[in-house]
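Scroll down for the structure; my scribbles are underneath it.
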Amino acid sequence: DAKTTQPPSMDCAEGRAANLPCNHSTISGNEYVYWYRQIHSQGPQYIIHGLKNNETNEMASLIITEDRKSSTLILPHATLRDTAVYYCIVPNTGNQFYFGTGTSLTVIP
Amino acid sequence: DGGITQSPKYLFRKEGQNVTLSCEQNLNHDAMYWYRQDPGQGLRLIYYSQIVNDFQKGDIAEGYSVSREKKESFPLTVTSAQKNPTAFYLCASSKVRILSNQPQHFGDGTRLSIL
Numbered sequence: 003d004a005k006t007t008q009p010p011s012m013d014c015a016e017g018r019a020a021n022l023p024c025n026h027s028t029i030s031g032n033e034y035v036y037w038y039r040q041i042h043s044q045g046p047q048y049i050i051h052g053l054k055n056n057e058t059n060e061m062a063s064l065i066i067t068e069d070r071k072s073s074t075l076i077l078p079h080a081t082l083r084d085t086a087v088y089y090c091i092v093p094n095t096g097n098q099f100y101f102g103t104g105t106s107l108t109v110i111p
Numbered sequence: 074d075g076g077i078t079q080s081p082k083y084l085f086r087k088e089g090q091n092v093t094l095s096c097e098q099n100l101n102h103d104a105m106y107w108y109r110q111d112p113g114q115g116l117r118l119i120y121y122s123q124i125v126n127d128f129q130k131g132d133i134a135e136g137y138s139v140s141r142e143k144k145e146s147f148p149l150t151v152t153s154a155q156k157n158p159t160a161f162y163l164c165a166s167s168k169v170r171i172l173s174n175q176p177q178h179f180g181d182g183t184r185l186s187i188l
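Protein sequences, first through last, are from chains A and B.
Residue numbering for the first sequence follows our numbering, beginning at 3 and increasing consecutively.
Residue numbering for the second sequence follows our numbering, beginning at 74 and increasing consecutively.
Here is the structure:
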């Protein structure tokens, strides 16, 4: 079962930052938070993951609150190609990933 | 380039027929996974394998079978016992599964339809 909660949909203007929230209030101390996205009819694409420190890579930034009960994925300058479903995942015991329905992000021209 | 290759991209099955979906990876990953995705839904785990010659059932294994004879390959057979096989099938791989810090990497999927 999912250990995360995400809004079902969000819109973002092209060129603006997209901030996608995720709640994971039951996360334990050694569990990581992962973010993936899926563009229609393609396999999920790994974006970023983190434990407790903020993380940044060429795709996005991940901000994890100090209590680790929530996180935000930030796409700094959203483009039309960022329109996708974004999944926030906290793996179960044994690194089992549960992909729920995620957040459908629409980038608007 | 390293990655995961799924084939075919589209597959059609007749009633009562078994079909096999291919998944190959050249990432030297130990663990491999099969997921099923239905329209508008998330992914559901069918089978996974942590090591060659070993695999475990996921949440929806009924009507499916797998083998793991080589590290690089993890084919999925959709048997005639699977009554609703029309779906998008995704294969993934990762480094050692038991570690909680290993992202899974996905192929581009196979879309299976019933004729």
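Cβ atoms here follow ideal geometry from the backbone N, Cα and C, with glycine treated the same way.
How many Å lie between residue i and residue j at the Cα?
i	j	result
B/R86	B/S186	6 Å
A/I76	B/P112	27 Å
A/R39	A/M61	11 Å
B/P154	B/S80	It is Ala, not Pro, that sits at residue 154 of chain B in the sequence shown. Using only the alpha carbons, I get a separation of about 22 Å.
B/Q123	A/A19	38 Å
B/N126	B/K82	26 Å
A/A15	A/A86	14 Å
A/W37	A/V92	9 Å
B/V139	A/E33	29 Å
Does any residue of chain B bring its CB to less than 9 Å from the CB of residue i?
i	result
A/H51	yes
A/Y88	no
So residue i contacts chain B; which residues on that side make the cut at Cβ distance below 9 Å?
i	result
A/P1	The shown model of chain A, from 3 to 111, leaves out residue 1 of chain A, and the question about it has no answer.
Under 7 Å between beta-carbons, which chain A residues line up against residue i? List them in chain order, please.
i	result
B/D176	Here residue 176 of chain B is Pro; the residue named in the question, Asp, does not match the sequence. Within 7 Å Cβ-Cβ: Y36, Y48, H51.
Determine whether the beta carbon atoms of residue i and residue j lie at a separation below 9 Å.
i	j	result
A/K71	A/S11	no
B/Q204	B/F147	Because chain B here runs from 74 to 188, residue 204 of chain B falls outside it and cannot be looked at.
B/Y162	B/R141	no
A/A80	A/L107	yes
A/G31	B/G182	no
B/D132	B/L118	yes
Give the interface partners of residue i over in chain B, defined as CB-CB distance under 8 Å, in chain order.
i	result
A/G104	G115
Which bits of chain A does residue i rub up against, with CB to CB less than 9 Å?
i	result
B/G182	S43, Q44, G45
B/F179	Y38, Q40, Q44, G45, P46, Q47, Y48
Comparing the C-beta of residue i with each C-beta of chain A, is any distance below 9 Å?
i	result
B/L118	yes
B/A165	yes
B/I77	yes
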